[in-house]
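*Asks:* In my numbering, the protein residues as written are 203 to 528.
Think of the CB as a built atom: it goes at the ideal place given N, C-alpha and C, for glycine as much as any other residue.
A single structure is presented below for examination.
Listed below in structure tokens is the structure:
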């Protein structure tokens, strides 16, 4: 099938024949029913538009494919949610950042209070985010060069997509960043990316808790603090300056050291932070297969993709054919 024909089909200028439908389904590794689902199509999330403007080198095609994959996963999530009842344990407040004199940093402090989070480092941010009712999904975003995006879609829980290939510290900061968008940005805001970064930094490193540890910061000390606070050395240096723990002269000196050691590109591998894994979305998939007894064929029918594709997307194992019975 030529690209011209495919483009006309995509633009609604031509109706595909049955043979063309079958050819497209085979090429896309999906069922024919995939083309006829009533699921609404969503554009890029609010938080993604500023990033897309900075990613001009990535290309429109890659970004379009990325948005298409997000839509497929959103459709799958909607299907899975029909089989479970989710009851958030914690609130997910929404604030207008302009109402706070302390800006995004004060908002982050309010979120920690709403969650009754203890002072100091948050051991598992993923746990708090999921208990607040957010669905977190990991996927490979390397081609799009994006660390995370988030959606608030009517009728669905808040959704955060994270780059599965990002290092643990960066992934954790991205999770906090996207949480900031969900809490503060119902509509686009010119300063939204800076605000989300400020929120993430304050959520993971509260000013009053972290500042005493930053006054004598060095690269050696940053490496030690990285293990405790589970953030990058770079994030610690930024926080040291924004809290006033160090002046711009020392900040510049430390960043020159980071550059000379190559740490701005990659921090020491031995300091790598373990990635926090989502549990809620995988549990929903297991509920279908283990509790409701869905077979591979059943999954294909409800998710409208071939099982090999579903398995690749969500890391499922080949079913043994054995099933527990009561």
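Indicate whether residue 376 and residue 340 have their beta-carbon atoms separated by less than 7 Å.
*Replies:* In the chain shown, residue 376 corresponds to position 174, counting from 1. In the chain shown, residue 340 corresponds to position 138, counting from 1. Going by C-beta atoms, residue 376 is not nearer than 7 Å to residue 340.
*Asks:* Take every Cβ of the stretch 488–505, pair it with every Cβ of the stretch 213–222, and state whether three or more of those distances are shorter than 8 Å.
*Replies:* Contact fails: fewer than three Cβ-Cβ distances are below 8 Å.
*Asks:* Distance check for residue 286 and residue 524, CA to CA, integer angstroms please.
*Replies:* Taking the first residue of the chain shown as position 1, residue 524 is located at position 322. Taking the first residue of the chain shown as position 1, residue 286 is located at position 84. Any reading at residue 524 must be qualified, since the residue scores a pLDDT of 33, below 50, and its modelled position is unreliable; the value itself is stated next. In a straight line, the C-alpha of residue 524 is about 24 Å away from that of residue 286.
*Asks:* To the nearest angstrom, report how far apart residue 513 and residue 501 are at their CA atoms.
*Replies:* As a position in the chain shown, residue 513 is number 311, starting the count at 1. As a position in the chain shown, residue 501 is number 299, starting the count at 1. Taking the straight line joining both Cα atoms gives about 10 Å.
*Asks:* If the criterion is Cβ atoms closer than 7 Å, does the pair residue 299 and residue 386 meet it?
*Replies:* In the chain shown, the residue the question calls residue 299 occupies position 97. In the chain shown, the residue the question calls residue 386 occupies position 184. The answer is yes: Cβ separation under 7 Å.
*Asks:* Kindly indicate which three-state DSSP category residue 525 falls into: helix, strand or coil?
*Replies:* In the chain shown, counting from the first residue as 1, residue 525 sits at position 323. In this predicted model, residue 525 has a pLDDT of only 36, less than 50, meaning its place in the structure is not dependable enough to derive any value.
*Asks:* Which residues in the same chain as residue 306 place their Cβ atom closer than 6 Å to its Cβ, once the five residues preceding and following it in sequence are excluded?
*Replies:* Start at 1 with the first residue of the chain shown, and residue 306 comes out as number 104. The answer, listed in chain order, is 299, 397, 400 and 401.
*Asks:* Ordered along the chain, which non-local residues of its own chain (more than five positions away) have a Cβ less than 8 Å from that of residue 320?
*Replies:* Along the chain shown, read from residue 1 onward, the residue named residue 320 stands at position 118. Taken in chain order, the list of residues that qualify is empty.
*Asks:* What are the start and end residues of the beta strand (DSSP E) that includes residue 353?
*Replies:* Indexing the chain shown from 1 puts residue 353 at position 151. Segment 350–353, the beta strand (DSSP E) holding residue 353.
*Asks:* Shortest alpha-carbon distance to residue 348 belongs to which of 442, 338, 356 and 363?
*Replies:* Position 146 of the chain shown, counted from the first residue, corresponds to residue 348. The candidate whose alpha carbon is nearest that of residue 348 is 363.
*Asks:* Taking the beta strand (DSSP E) that residue 340 belongs to, which residues open and close that run?
*Replies:* As a position in the chain shown, residue 340 is number 138, starting the count at 1. Here the beta strand (DSSP E) through residue 340 covers 337–341.
*Asks:* Can you say whether residue 469 is buried or exposed, counting buried as having 16 or more other CB atoms within 10 angstroms of its CB?
*Replies:* Position 267 of the chain shown holds residue 469. Result: buried.
*Asks:* If you measure from the beta carbon of residue 290 to each beta carbon in chain B, is any gap under 7 Å?
*Replies:* The structure shown has no chain B; it contains just one protein chain.
*Asks:* Looking at the ligand SAH, does it come within less than 6 Å of residue 451, judged from the CB to the closest heavy atom?
*Replies:* Looking for the ligand SAH in the displayed structure turns up nothing, as the structure carries no ligands at all.
*Asks:* Using three-state DSSP, classify residue 388 as helix, strand or coil.
*Replies:* The residue given as residue 388 occupies position 186 in the chain shown. Of the three classes helix, strand and coil, the one that applies to residue 388 here is coil, per DSSP.
*Asks:* Below 7 Å between beta carbons: does that hold for residue 231 and residue 498?
*Replies:* Within the chain shown, the letter at position 29 stands for residue 231. Within the chain shown, the letter at position 296 stands for residue 498. No, the Cβ-Cβ distance between residue 231 and residue 498 is not below 7 Å.
*Asks:* Looking at C-alpha atoms only, which residue of 442, 381 and 436 is the closest neighbour of residue 408?
*Replies:* Within the chain shown, the letter at position 206 stands for residue 408. Ranking 442, 381 and 436 by Cα distance to residue 408 puts 442 first.
*Asks:* Which residue wins for smallest C-alpha separation from residue 294, given the options 209, 462 and 336?
*Replies:* The sequence position of residue 294 within the chain shown is 92, counting from 1. Cα-wise, what sits closest to residue 294 is 336.
*Asks:* Identify whether residue 265 lies in helix, strand or coil by the three-state DSSP scheme.
*Replies:* Along the chain shown, read from residue 1 onward, the residue named residue 265 stands at position 63. Helix.
*Asks:* Look at the alpha carbon of residue 432 and the alpha carbon of residue 518, and state the distance between them as a whole number of angstroms.
*Replies:* Taking the chain shown and counting its residues from 1, the one referred to as residue 432 is at position 230. Taking the chain shown and counting its residues from 1, the one referred to as residue 518 is at position 316. So the two alpha carbons sit approximately 29 Å from each other.
*Asks:* Ends of the alpha helix (DSSP H) at residue 512?
*Replies:* On the chain shown, residue 512 is found 310 positions in, with the first residue counted as 1. Counting along the chain, the alpha helix (DSSP H) containing residue 512 begins and ends at 509–516.
*Asks:* Measuring straight from C-alpha to C-alpha, what distance separates residue 439 and residue 466?
*Replies:* Counting from one through the chain shown, the residue named residue 439 turns up at place 237. Counting from one through the chain shown, the residue named residue 466 turns up at place 264. Approximately 11 Å, taken between the alpha carbons.
*Asks:* Within a Cβ cutoff of 6 Å, which residues of the same chain sit near residue 360, ignoring the five residues on either side of it in sequence?
*Replies:* Taking the chain shown and counting its residues from 1, the one referred to as residue 360 is at position 158. Cβ within range, chain order: 336, 354 and 384.
*Asks:* Can you tell me whether DSSP reads residue 361 as helix, strand or coil?
*Replies:* Working through the chain shown from its first residue, we reach residue 361 at position 159. Three-state DSSP puts residue 361 in a strand.
*Asks:* Measure the Cβ-Cβ separation of residue 310 and residue 427 and say whether it is below 7 Å.
*Replies:* As a working note, residue 310 is residue 108 in the chain shown. As a working note, residue 427 is residue 225 in the chain shown. Their beta carbons are not under 7 Å apart, which means residue 310 does not touch residue 427 by this criterion.
*Asks:* Residue 206 by DSSP, collapsed to three states: which one?
*Replies:* Looking up residue 206 in the chain shown gives position 4. Here residue 206 sits in helix by DSSP.
*Asks:* For residue 454, tell me which candidate among 328, 338, 420 and 235 has the shortest Cα-Cα distance.
*Replies:* Reading the chain shown from its first residue, position 252 is the one you call residue 454. Comparing Cα-Cα distances from residue 454 to each of 328, 338, 420 and 235, the minimum goes to 420.
*Asks:* Take residue 411 and list the residues in its own chain whose beta-carbon comes closer than 7 Å to its own, dropping the five residues that flank it on each side.
*Replies:* The count along the chain shown starts at 1 and reaches residue 411 at position 209. Same-chain partners within the cutoff: 321 and 322.
*Asks:* When we look at the beta-carbon of residue 203 and count the other beta-carbons within 10 Å, is it buried (16 or more) or exposed?
*Replies:* Here residue 203 corresponds to residue number 1 of the chain shown, with the count starting at 1. Label assigned to residue 203: exposed.
*Asks:* For residue 245, which residues of its own chain have a beta-carbon under 8 Å away from its beta-carbon, when the five flanking residues on both sides are left out?
*Replies:* By one-based count along the chain shown, residue 245 stands at place 43. Answer for residue 245: 269, listed in chain order.
*Asks:* By the 10 Å Cβ neighbour count, where 16 or more other Cβ atoms means buried, how is residue 239 classified, buried or exposed?
*Replies:* Indexing the chain shown from 1 puts residue 239 at position 37. Looking at its Cβ environment, which holds fewer than 16 other Cβ atoms inside 10 Å, residue 239 is exposed.
*Asks:* Which residue from 265, 216, 506 and 389 puts its Cα closest to that of residue 343?
*Replies:* Position 141 of the chain shown, counting from 1, holds the residue named residue 343. Comparing Cα positions, the closest option is 265.
*Asks:* Just confirm the distance between the C-beta atoms of residue 291 and residue 333, as a whole number of angstroms; I'd bet it's less than 8 Å.
*Replies:* For the purposes of this step, residue 291 is taken as residue 89 along the chain shown, with counting starting at 1. For the purposes of this step, residue 333 is taken as residue 131 along the chain shown, with counting starting at 1. With a Cβ gap of about 4 Å, residue 291 and residue 333 count as contacting.
*Asks:* With a CB to CB cut of under 6 Å and the five nearest residues on each side skipped, what residues in its chain are close to residue 210?
*Replies:* For the purposes of this step, residue 210 is identified with residue 8 of the chain shown, where counting begins at 1. Same-chain partners within the cutoff: 216.
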